[in-house]
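Visitor: Residue numbers (my numbering): 493 to 1005. Yeah, the Cβ is synthetic: ideal placement off N, Cα and C, and Gly gets one too. Here it is: the structure, laid out below.
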Amino acid sequence: MDETTPPQEWQHCGTGASGADPVGCRGIRVGAQRCAAHLSPQERDAWLGGLRPGADVDLRGTPVTGELLAQVCDRLRPAEGGGPRFGNADFSEARFTETGTPVSFAGAVFEGRARFVGASFRAGREVLFDRVRFAAEVWLDGARVEGGLRMRQAVFATPVFVGPLLCTDTVDLTGAAFEGAARLRIAARRVLCADARFEGPASFQLRYAELGLAGAHFQQPSAVGTSRDWALPGEAEPARPVTVAVLSLRGVDASMLLLSDVDLRRCLFAGTHHLDQLRLEGRWDLGQAPSGVRWHRGRPYWCTKRQVIEEERQWRAIRRRPASRHDWGDAPPSPETVPGLATLTTTYRQLRKAREDAKDEPGAADFYYGEMEMRRYSRGRRHAERWLLTVYWAVSGYGLRASRALAWLAATMLVTVVALTAFGLPDTPARPYPADSRLTGSRPPTLESPLTARFTAERAGKAVDVVLNSVVFRSGGTQLTRAGGWIEKAARLTEPALLGLAVLAVRARLKRG
């Protein structure tokens, strides 16, 4: 229904109708053939005089100013005090505007049904529904809010289905209580549900929004996701992605939560209950560690591309060493709120377990890497453990970087080939002792040629054969000097291990449970 079509459900006011606007005011008539907004002062006083606490209010299609709404609320306020009490309230297609007095239902009680279907709020600041109690059904389908919508500590006593609702700023549900099922279909800049209570299953179907859930209490399985099956005209914001961005899960029981198609790059996980039971489906994005080589005071620092949680990014951004802070973004305004390494280790471990339980080994890999990184940096670990972790990181990226392990394997094989060519291959083979020496066995092979004469293609080929056999634990039967024997033993110890780490790294990226 557009602005040039008269409403079919009610007799409309028609004030201001003209050739250009044959409909005029669409507000429902409440007396003297006019809507409440266009009554004369005497007519409005008479209409308001008929209102009592708990009375039904029908202002469909009416332009409602802040002053008119305040007058209605004053008439519905009980004499003993407290907020206004509505019976059935119908504000469908009403147009709320702020003219000095804010649009406020703060403290109101809706004892009957509350309808705001297609209503528009042009408040400029915030529309206030703080501490409102909805005792029956409430509808906000197709409502539009220019500014913020504040419903702090509001109570929804029955199942509530909000939206599609378009808000140009913040929908604030801090401390709100949903005593039944809740479905929130909202397109907004931000949706805040800090310390909200959801006693029934909750479904957040959001668009463009940043969602804050810190301290929210879910008693039934609930879901948060980006909705793509509905859209409101005029909602598009080209500068903002449609994907919902979750800002915090601190204090939330994650065992009750499913996140689907969400942006987790700025999400705070530390302090989440049962984080190891968090379910992630669809596409979910975390922050990316800076990758590549960075130089500081002539020393190279290598960063591996991987996904990181926001708490690790903040921790690295506040580190004292400048080389450790490169490209990690801005430090948080309150560094004392950044969790310590022990907390970060536990957080990564729980996220890893959640992905492993979901049979997503590749998804768990980066969480495992982050867990090991936090252990390596922790000052509470023993020096021996930290050194082992450092070697494990340098050699194979904790068993997750096949390219690193293969590079070390190639370097080790090259060094072994050079060492065998120089010191391990004899130029005089083993020979039996002379018969008159009374010695049994053979003389050990010897190497007597000058060092510069030992590097020949033939000797290098033999060394390559020995090295290749040592990688797969085979013996080629090539005679070696005493030094060559020790070199081969060292190669058999290190090179198969490096090959195994490379294989495990590839398997970790390809495995699907």
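Between the alpha carbons of PRO533 and LEU540, how many angstroms are there, rounded?
Guide: A direct Cα-Cα distance of roughly 10 Å separates PRO533 from LEU540.
Visitor: So ASP537 is in the alpha helix (DSSP H); what residue range does that whole segment cover?
Guide: 533-541
Visitor: If you follow the alpha helix (DSSP H) that GLY992 is part of, which residue opens it and which one closes it?
Guide: 974-1002
Visitor: Closest by CA to ALA983, which one among LEU960, LYS797, ARG1001?
Guide: For the residues LEU960, LYS797, ARG1001, the minimum Cα distance to ALA983 belongs to LEU960.
Visitor: Exposed or buried, what is TRP879 when buried is set at 16 or more other beta-carbons lying within 10 Å of its beta-carbon?
Guide: exposed
Visitor: According to the neighbour-count rule (16 or more other Cβ atoms, all chains shown, within 10 Å of its Cβ), is ARG544 buried or exposed?
Guide: exposed
Visitor: Please state whether DSSP places ASP957 in a helix, a strand or coil.
Guide: Helix.
Visitor: What's the call for LEU985, buried or exposed, on a 16-neighbour Cβ count within 10 Å?
Guide: exposed
Visitor: Compare the C-alpha of LEU749 against each of ALA809, LEU657, GLY692, ARG605 and name the closest.
Guide: GLY692
Visitor: Between the C-alpha atoms of CYS1016 and ASP513, what's the straight-line distance to the nearest angstrom?
Guide: Residue 1016 is absent from the structure shown; the chain starts at 493 and stops at 1005.
Visitor: Quick one: residues in its chain with C-beta nearer than 8 Å to the C-beta of ALA694, no 5 flanking neighbours on either side, listed in chain order?
Guide: PHE670, ALA673, ALA674, ARG675, LEU676, PHE710, GLN712, SER714, ALA715
Visitor: Just the Cα atoms here: how many angstroms apart are LEU881 and GLU802?
Guide: 23 Å
Visitor: Determine the DSSP secondary structure at VAL683, reduced to helix, strand or coil.
Guide: In this structure, VAL683 counts as strand in the three-state DSSP scheme.
Visitor: May I have the straight-line CA-CA distance separating PRO918 from VAL956, to the nearest angstrom?
Guide: 15 Å
Visitor: According to DSSP, simplified to helix, strand and coil, what is ARG645?
Guide: For the sequence presented, residue 645 should be read as Gln rather than Arg. Three-state result, GLN645: coil.
Visitor: According to DSSP, simplified to helix, strand and coil, what is TRP879?
Guide: helix
Visitor: Using only the alpha-carbon positions, how far apart do ARG798 and ASP633 sit?
Guide: Rounded to the nearest angstrom, the gap between the Cα atoms of ARG798 and ASP633 is 42 Å.
Visitor: Could you tell me which whole beta strand (DSSP E) segments of length 3 or greater appear in the region 787-866?
Guide: Correct list: 791-795.
Visitor: What is the DSSP secondary structure of GLY1005, counted as helix, strand or coil?
Guide: At GLY1005 the pLDDT is 49, less than 50, meaning the model places this residue with poor confidence; the figure from the coordinates comes in the next sentence. Of the three classes helix, strand and coil, the one that applies to GLY1005 here is coil, per DSSP.
Visitor: In chain order, what are the residue ranges of uninterrupted alpha helix (DSSP H) at least 4 long that sit wholly in the region 556-620?
Guide: 558-567
Visitor: For a test of the three-state rule: what should DSSP assign to TRP885, helix, strand or coil?
Guide: helix
Visitor: Exposed or buried, what is GLU501 when buried is set at 16 or more other beta-carbons lying within 10 Å of its beta-carbon?
Guide: exposed
Visitor: Between PRO594 and the rest of its own chain, which residues show a CB-CB distance below 7 Å, the 5 nearest in sequence each way excluded?
Guide: GLY558, ALA615, ARG617, LEU620
Visitor: Quick one: what's ASP755 bridged to in DSSP?
Guide: Partner(s): ALA737, ASP777.
Visitor: Assess, as a yes-or-no matter, whether the region 572-585 is touched by the region 605-613 under the definition of 3 or more beta carbon pairs within less than 8 Å.
Guide: The region 605-613 is in contact with the region 572-585.
Visitor: Which same chain residues, not among the five before or five after ARG868, have their C-beta less than 8 Å away from its C-beta?
Guide: ARG878, LEU881, THR882, TRP885
Visitor: Tell me the residue span of the beta strand (DSSP E) that contains VAL652.
Guide: 652-659
Visitor: Under a Cβ-count criterion, where at least 16 other Cβ atoms within 10 Å of its own Cβ denotes burial, should GLY977 be classed as buried or exposed?
Guide: Around the Cβ of GLY977, a 10 Å sphere holds fewer than 16 other Cβ atoms; the residue is exposed.
Visitor: What number of angstroms, rounded off, separates the C-alpha of ARG682 from the C-alpha of LEU739?
Guide: Annotation: ARG682 to LEU739 spans about 10 Å, alpha carbon to alpha carbon.
Visitor: Quick check on DSSP: helix, strand or coil for GLU702?
Guide: strand
Visitor: So, are the CB atoms of ARG577 and GLU603 less than 9 Å apart?
Guide: yes
Visitor: Considering Cα atoms alone, identify which of TYR700, VAL736, ALA668 is closest to ALA708.
Guide: ALA668
Visitor: At the level of alpha carbons, what is the spacing between TYR890 and GLU853?
Guide: Using only the alpha carbons, I get a separation of about 15 Å.
Visitor: From the DSSP secondary-structure annotation, give me the bridge partner or partners of ASP745.
Guide: HIS765
Visitor: Express the C-alpha separation of ARG567 and ALA528 in angstroms, rounding to a whole number.
Guide: 14 Å
Visitor: Can you give me the start and stop residues for the alpha helix (DSSP H) that THR908 sits inside?
Guide: In the DSSP assignment, THR908 falls within the alpha helix (DSSP H) that extends over 894-911.
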